[in-house]
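Counting in the working numbering, the sequence shown runs from 68 upward without gaps.
Virtual Cβ for every residue (Gly too), placed ideally from N, Cα, C.
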Amino acid sequence: MAACRSIALLRPLASLRRMSIAMSGSRGQLLSSSMLRMTFVQLAPGRRTLTSSSIRCTAQPGIEEVDYRTVKPLTLTPSDAVLLVDVREVDEVVQGNIPSSVNLPLSSFEKSLEAHPDDFVRANGFAKPSKEQSMIFYCRSGVRSAKAAELAKTKGYKNVKNYKGSWLDWIEKEK
Numbered sequence: 068m069a070a071c072r073s074i075a076l077l078r079p080l081a082s083l084r085r086m087s088i089a090m091s092g093s094r095g096q097l098l099s100s101s102m103l104r105m106t107f108v109q110l111a112p113g114r115r116t117l118t119s120s121s122i123r124c125t126a127q128p129g130i131e132e133v134d135y136r137t138v139k140p141l142t143l144t145p146s147d148a149v150l151l152v153d154v155r156e157v158d159e160v161v162q163g164n165i166p167s168s169v170n171l172p173l174s175s176f177e178k179s180l181e182a183h184p185d186d187f188v189r190a191n192g193f194a195k196p197s198k199e200q201s202m203i204f205y206c207r208s209g210v211r212s213a214k215a216a217e218l219a220k221t222k223g224y225k226n227v228k229n230y231k232g233s234w235l236d237w238i239e240k241e242k
């Protein structure tokens, strides 16, 4: 999702024992310290200004990502076993959607997950997924769908995945 860049800093070691920072990603997104963690260590005994950095990046901890090769077969033989969820807003869906997907906009996503099953059906036009149902989320590029997958997981949904690349990847591969 976000590109990581390695940096080196020269600072007195006393001020760098351990430090977490946030920095901008490749597309101007702000990466939180949980996504980008930098740990500074001393390279040699007695050298107080030289440090090295160790960078660890994760897109969304605990959320499995899938690609076109996983999603395409689901559109050819749709089943209730896997729910393909488009979290784009309604005005974006008019541009097109992945066959067999259902729309559940991110703007109303959390409220929908908390709704009573009858209210969910009335609001969305399809049955509320069970906490065990397998769901693959997509959006335009994969950012909002990653947020939706993470939110669903925090609400107790166990089998959530993010289609990395999402709609942009789909239309490119379908050409």
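Neighbour-count burial assignment, residue i, 16 or more Cβ in a 10 Å radius
{"i": "residue 158", "result": "exposed"}
{"i": "residue 140", "result": "exposed"}
{"i": "residue 163", "result": "exposed"}
{"i": "residue 146", "result": "exposed"}
{"i": "residue 225", "result": "exposed"}
{"i": "residue 138", "result": "buried"}
{"i": "residue 187", "result": "buried"}
{"i": "residue 150", "result": "buried"}
DSSP-derived helix/strand/coil call for residue i
{"i": "residue 229", "result": "strand"}
{"i": "residue 147", "result": "coil"}
{"i": "residue 191", "result": "helix"}
{"i": "residue 236", "result": "helix"}
{"i": "residue 153", "result": "strand"}
{"i": "residue 205", "result": "strand"}
{"i": "residue 210", "result": "helix"}
{"i": "residue 132", "result": "strand"}
{"i": "residue 169", "result": "strand"}
{"i": "residue 222", "result": "coil"}
{"i": "residue 182", "result": "coil"}
{"i": "residue 196", "result": "coil"}
{"i": "residue 242", "result": "coil"}
Cβ-Cβ separation, residue j to residue i (assumed contact under 8 Å), whole Å
{"i": "residue 197", "j": "residue 205", "result": "Not really, about 20 Å apart at Cβ, beyond 8 Å."}
{"i": "residue 231", "j": "residue 134", "result": "6 Å"}
Contacting residues, own chain, Cβ-Cβ under 6 Å from residue i (five flanking each side not counted)
{"i": "residue 216", "result": "130, 204, 227 and 229"}
{"i": "residue 173", "result": "154, 211 and 215"}
{"i": "residue 240", "result": "135"}
{"i": "residue 132", "result": "229 and 231"}
{"i": "residue 184", "result": "195"}
Sequence-distant residues of the same chain with beta carbon closer than 8 Å to residue i, five excluded per side
{"i": "residue 218", "result": "176, 177 and 180"}
{"i": "residue 182", "result": "190 and 195"}
{"i": "residue 233", "result": "205, 206, 207, 208, 209 and 212"}
{"i": "residue 156", "result": "172, 173 and 174"}
Close Cβ partners of residue i (< 7 Å) along its chain, the five nearest in sequence each way excluded
{"i": "residue 160", "result": "153 and 170"}
{"i": "residue 235", "result": "207 and 208"}
{"i": "residue 199", "result": "225 and 226"}
{"i": "residue 223", "result": "198"}
{"i": "residue 142", "result": "165, 166 and 167"}
{"i": "residue 193", "result": "169"}
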